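So for the first sequence, numbering that gives the first Met the number 0 puts the first residue at 0; every next one is plus one. The beta-carbon is built from N, C-alpha and C at its ideal position, and this holds for glycine as well. Here the structure is a predicted model, which means the values were calculated and not measured. Okay, so here's the structure we're looking at.
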Amino acid sequence: MDKTYQPEQIESRWYERWEADNRFAPSGEGEPFSIMIPPPNVTGSLHMGHAFQDTIMDTLTRWRRMQGRNSLWQVGTDHAGIATQMLVERKVAAEEGKSRHDLGREAFIDKVWEWKHESGGHITRQLRRMGASVDWSRERFTMDDGFYQAVQEVFVRLYEEDLVYRGKRLVNWDPTLHTAISDLEVENRDQQGQFWHFRYPLADGVTTEAGEDHLVVATTRPETLLGDSAVAVNPEDPRYASLVGKFVELPLVGRRIPVVADEHADMDKGSGCVKITPAHDFNDYEVGKRCGLPLINVFSKDASVLERAEAFDLQGRPLADVDPSLPAAYAGLGRFEARARIVADMEAAGLLAQVETVSNTLPYGDRSGDVIEPLLTDQWFVAVEELAKPAIAAVENGDIEFVPRNYENMYFAWMRDLQDWCISRQLWWGHRIPAWYDAEGNVYVARTAEEARAKHGLADDLALTQDEDVLDTWFSSGLWTFGTLGWPEPTEALKTFHPSSVLVTGFDIIFFWVARMIMLTLKFTGEVPFKQVYVHGLVRDGQGHKMSKSKGNVLDPIDLIDGIDLDSLVEKRTGNMMQPQKAKAIAKATRGEFPEGIEPHGTDALRYTFLSQATTGRDIKFDMGRLDGYRNFCNKLWNASRYVLMNAEGQDCGASLDGQSGEVELSLADRWIVSRLQQTEAQVTRALEDYRFDHASQALYDFVWNEYCDWYLELSKPVLWDDAASEAAKRGTRRTLVRVLEAVLRLAHPMMPYITEEIWQRVAPLAGVAGESVMTQPWPVADEGRIDETATHDIEWLKGVIVAVRNIRAEMNIAPGKPLEVLLTKGSEADRERLAANRLFLSRLAKLERIYWLEAPDQAPLSATQLVGDMEVLVPMAGLIDKDAELARLAKEIDKQDKLIGGIEKKLGNESFVAKAPEAVVQKERDKLSDFAATRRVLVEQRDKIASL
RNA sequence: AGGACCAUAGCUCAGUUGGUUAGAGCGCCACGUUGACAUCGUGGAGGUCGGCGGUUCAAAUCCGCCUGGUCCUACCA
């Protein structure tokens, strides 16, 4: 083995090997375990969130696989309608100078497929770098043929049950992308805005109670005035009661619109009158419904003003009795330009009463960044009410369990207040809606045009045109858990792996995806999609800020693995920016944070970092320090393995594959480390069962570094290297070294797959273990029978003596390597026996010249003293020790004991404590008190002795 | 406005059903390299557990209020 751990040399090699050997496919045996990967966007590249999530899923999958479960990690990518279409549009524009409309629908779709074939493999290659043990042979895409079938099937069946319907409704319209988007894709941002108060003249000479000939309404959107169809007042409002049923004359337009009574009008706000524009505001739409008002649309798909308004009734039928004329001056103006002109014209007409500056929130499209316009359009919807009921019940009755639990509340809150889901998108890339229209506009929904004709008895020569729209991406990804397994066919895979065991996902897509999967899956399979949902937080930068290109704080997981030099990192963060003016500051911050660039750390270290930070229900601040630390941990494991191999290879380890071995004798240290291994195995397993990856990684780290390396390897040296040790003992220690390491590698494998495989290949044969890969070895199961309390206590004693000596050395400024004479005294018979049994270990680890039992404590030479239990560890001071330093040290120690004693005496002095606390607790305090008191006595004795010199 | 979550060492975080001398890693200080490892070893310093109040024999842990932070939902004519 190389002297230093170099991950880049082992990682790609092992992944290719595993994949070639088909190690990721389900074994076909054992209880099924399955995870469906949240399909990443096919256009995307792997970000920290993916890397984190993939690490968790891979750890779970590898662990369950080793436990003998028939494990499937289903992989695939999402076609991601808007994102992909935008990306290819930009590419075509840049390369050919054409828009998608120049190309036409078919040619453009071809371009997208072409692009997908060219570049769609980027993210899956990155997934391989993370070590993801997904079954590539089952890779799926949300627009592959199978998904096409599934999507058609679901849509048609929902339609047949009236759970999908089409209608003219007010939707969130993106004027840049020219498509509807769902509520979830709208991002509300706080803004400073203006609030204009307008006078609307009352018609027919009517006046208010106060004698005014007009009403005052206020708006942040003056341009919607053109589409007003009423002014509402509160039914309880005495100021305007007489006006209900009367009319106002809409300024600039001249249309007569009624004054209506509706509780939407708030008497305490402004004048108490509110303009109602049902076609351009969601609240007003509701008022329109309640009051039977016409819907007057005044905007085109670009959100510019129409020449003539379009009026509809609530069913979306054109209304002939509304005068559609609009002032010619505004025709074709964009909404913001129209706003300015309308305000100016109102002011010129003396109808602008007041302008206020207010803070409000505006809806933005999360893809385009444009302000969303509520617009009346024909769209397809899923009626969610019926679907939501069983979906809520499934979580309530525990069929689906959220981890951590509190996300269930978030889920319930959202599910109980669900709006119908607008599923049509005016895009080209996606699943085209399986609906056909004849010349009269009759709609026929079927899986194919042929089926539509057959079903509805249509003539073969009747011209049918398919709906131009595609389905929301989340509609198809909502079928992910069963669609990937072959549904609607009743496949073996579906029977075996559905419902999936656990969904690993971020809280940010609980609404987008998780909730909809639950609804659709229950509807079509009668099963839940997954039994558990493990919800993790967002990966943020070291300061807790969201990583984003515009902030220039993005870390690329691949850069953490391979390393990146500073200039490349700066270039990556500042190149191709939307706001180039920020580049300088970002470059400076980057150079400050990473003066040397980023070193290579390897996949295993990155994975370990994620796991150690994967604590329940909170975002993680990615900590570069930990990444370094876990890279060092890999290095530690690597070097410990080198030591083991150096001492075991070519030697009789008492367990070689050929079964030939001499007699074996286990030392105290051997029994102890085996015992501790059992406990660690139990701890790690328990932690993984509880999704406490932080605890799992911590337990393993502690065992490997603080026990196996720091103590056990050191304790093995005297046995292996000292002639005094027997051959049987040497054999026993070699066997333990090798077997414990082999088990550790299995235990660590799900978390750090590469390094464990690399080392395991060399160690397994020495441990008498046959097999081609650690991946398919059994998961270590703790054997309670090998937990050895005596050995643990003895080792604790041994460590205590060694640490006591080291402590004295450090405090007394005695060179670490200087051989010392040490006396033990005042202890029990057990202590005396322990000394006899462990003389070799003690001498070696504490670097002693001589250690012996002092029978008569009162004859002790002047010494520095430490206590191990009741026993005193003495390092004679002659010529060694600084008297003042020792006195100072003792004073500090005595002070510490005094504080402890004081605390306990106070407790025990409290009568109600003694009376009410459980006897065991009280006894524990008494025991502690006598321990501390004894320690104090020894320290004081020692102090007096030294002071008297 | 409603709700959720968070606040523990300089930093990033653990802390099971209340009883621990409140822990880890990084960072810091001192010392140390002939035989696994300086991506290291040994020893050490560092915390009134955000604040106030309550329950209890006992609170980092349970309850209430407050402060600060993050996020979600809603509203803003």
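Burial state of residue 414, where buried means 16 or more other Cβ atoms lie within 10 Å: Your numbering for residue 414 matches position 415 in the first sequence. Under this definition residue 414 is a buried residue.
Residue burial classification, residue 98 (beta-carbon count within 10 angstroms, cutoff 16): Residue numbering aside, residue 98 sits at position 99 when the first sequence is read from its first letter. Its Cβ having fewer than 16 others within 10 Å, residue 98 is exposed.
Span of the beta strand (DSSP E) around residue 286: The residue labelled residue 286 in the question sits at position 287 within the first sequence. Unbroken run through residue 286 is the alpha helix (DSSP H), 281 to 290; no beta strand (DSSP E).
Cα-Cα separation between residue 216 and residue 320, rounded to whole angstroms: Position 217 of the first sequence, counted from the first residue, corresponds to residue 216. Position 321 of the first sequence, counted from the first residue, corresponds to residue 320. Going by the C-alpha atoms only, they are around 25 Å apart.
Whole-angstrom distance between residue 617 and residue 190, CA atom to CA atom: What you label residue 190 is simply residue 191 of the first sequence in a count that begins at 1. What you label residue 617 is simply residue 618 of the first sequence in a count that begins at 1. So the alpha carbons of these two residues sit roughly 29 Å apart.
Beta-carbon contacts of residue 477 that lie in its chain and below 6 Å, excluding the five residues immediately before and after: Reading the first sequence from its first residue, position 478 is the one you call residue 477. Taken in chain order, the residues that qualify are 515, 516, 519.
Exposure label - residue 789; buried when at least 16 CB within 10 Å: Residue 789 sits at position 790 when you count from the first residue of the first sequence. Per the 10 Å Cβ criterion, exposed.
Beta-carbon proximity check, residue 125 vs residue 484, cutoff 9 Å: Working through the first sequence from its first residue, we reach residue 125 at position 126. Working through the first sequence from its first residue, we reach residue 484 at position 485. For residue 125 and residue 484, no; Cβs fall outside 9 Å.
Rounded distance between the beta-carbons of residue 639 and residue 712, thought under 8 Å: On the first sequence, residue 712 is found 713 positions in, with the first residue counted as 1. On the first sequence, residue 639 is found 640 positions in, with the first residue counted as 1. Contact holds; Cβ gap of about 6 Å.
Own chain, CB closer than 8 Å to residue 513, minus 5 neighbours either side, in chain order: Sequence index remark: in the first sequence, residue 513 carries index 514 (1-based). Hits under 8 Å: 410, 502, 504, 532.
Residue from 214, 34, 15 with nearest C-alpha to residue 530: Position 531 of the first sequence, counted from the first residue, corresponds to residue 530. Taking only the C-alpha atoms, the option nearest residue 530 is 34.
Stretch pair the region 246 to 258 + the region 207 to 224: three plus CB contacts closer than 8 Å: yes
Coarse secondary structure for residue 536, derived from DSSP in three states: Locating residue 536 in the first sequence gives position 537, counting from the first residue. Looking at residue 536 - three-state DSSP - the assignment turns out to be coil, as it is neither helix nor strand.
Opening and closing residue of the beta strand (DSSP E) in which residue 375 lies: Within the first sequence, residue 375 is the residue found at index 376, counting from 1. Note, residue 375: beta strand (DSSP E), 372 to 381.
Residue 799 in three-state terms, based on DSSP: On the first sequence, residue 799 is found 800 positions in, with the first residue counted as 1. Correct three-state label for residue 799: helix.
For residue 820, the nearest candidate out of 274, 841, 424, 837 (CA to CA): Residue 820 sits at position 821 when you count from the first residue of the first sequence. Looking at the Cα atoms, 841 is the closest of the given residues.
Residue from 18, 762, 756 with nearest C-alpha to residue 773: Here residue 773 refers to the residue found at position 774 when the first sequence is read from its first residue. Per the Cα distances, 756.
Residue 686 burial status per 10 Å Cβ neighbour count (16 or more: buried): On the first sequence, residue 686 is found 687 positions in, with the first residue counted as 1. Buried, since its Cβ has 16 or more Cβ neighbours within 10 Å.
Minimum C-alpha distance to residue 651 - residue among 560, 750, 764, 615: Your numbering for residue 651 matches position 652 in the first sequence. When each option's Cα is compared against that of residue 651, the closest is 764.
Buried/exposed call for residue 494, threshold 16 Cβ in 10 Å: Residue mapping note: residue 494 aligns to position 495 of the first sequence, counting from 1. By the 10 Å Cβ count, residue 494 comes out exposed.
Rounded Cβ spacing between residue 718 and residue 724 (contact assumed at less than 8 Å): Reading the first sequence from its first residue, position 719 is the one you call residue 718. Reading the first sequence from its first residue, position 725 is the one you call residue 724. That belief holds up - the Cβ atoms of residue 718 and residue 724 are roughly 5 Å apart, short of 8 Å.
Beta-carbon proximity of residue 130 to residue 753, cut-off 9 Å: The residue labelled residue 130 in the question sits at position 131 within the first sequence. The residue labelled residue 753 in the question sits at position 754 within the first sequence. Yes. Within cutoff.
Distance CB(residue 141)-CB(residue 38) smaller than 9 Å: Taking the first sequence and counting its residues from 1, one reaches residue 141 at position 142. Taking the first sequence and counting its residues from 1, one reaches residue 38 at position 39. Yes; because the gap between Cβ atoms is below 9 Å, this pair is in contact.
Residue 469 classed as buried or exposed, judged by whether at least 16 other C-beta atoms fall within 10 angstroms: Within the first sequence, the letter at position 470 stands for residue 469. Burial call: buried.
DSSP beta-bridge partners of residue 24: Position 25 of the first sequence, counted from the first residue, corresponds to residue 24. Looking at the DSSP assignment, residue 24 forms no beta bridge with any residue, so it has no partner.
Touch test, the region 54 to 67 against the region 736 to 754, Cβ-Cβ under 8 Å, three pairs minimum: yes
Contacting residues, own chain, Cβ-Cβ under 8 Å from residue 192 (five flanking each side not counted): Looking up residue 192 in the first sequence gives position 193. Contacts found: 219, 356, 357, 358, 359, 361.
Residue from 156, 853, 340, 883 whose Cα sits closest to the Cα of residue 871: In the first sequence, counting from the first residue as 1, residue 871 sits at position 872. For the residues 156, 853, 340, 883, the minimum Cα distance to residue 871 belongs to 853.
8 Å Cβ shell around residue 924 - same chain, five flanking residues per side excluded: Position 925 of the first sequence, counted from the first residue, corresponds to residue 924. Correct list, in chain order: 903, 906, 907.
Contact the region 293 to 308 vs the region 318 to 334: 3+ CB pairs below 8 Å: yes
Host alpha helix (DSSP H) of residue 62 (start-end): Position 63 of the first sequence holds residue 62. Counting along the chain, the alpha helix (DSSP H) containing residue 62 begins and ends at 47 to 65.
Segment limits, alpha helix (DSSP H) that includes residue 101: In the first sequence, counting from the first residue as 1, residue 101 sits at position 102. Taken as a continuous stretch (DSSP letters only), the alpha helix (DSSP H) holding residue 101 covers 99 to 102.
Alpha-carbon to alpha-carbon, residue 156 and residue 385: Position 386 of the first sequence, counting from 1, holds the residue named residue 385. Position 157 of the first sequence, counting from 1, holds the residue named residue 156. Going from the Cα of residue 385 to the Cα of residue 156 covers about 14 Å.
CB of residue 509 within 9 Å of CB of residue 406, strictly: Numbered from 1 along the first sequence, position 510 holds the residue referred to as residue 509. Numbered from 1 along the first sequence, position 407 holds the residue referred to as residue 406. Going by C-beta atoms, residue 509 is nearer than 9 Å to residue 406.
Cβ-Cβ distance between residue 633 and residue 669 below 9 Å: What you label residue 633 is simply residue 634 of the first sequence in a count that begins at 1. What you label residue 669 is simply residue 670 of the first sequence in a count that begins at 1. No, the pair does not count as a contact, with Cβ atoms beyond the cut-off.
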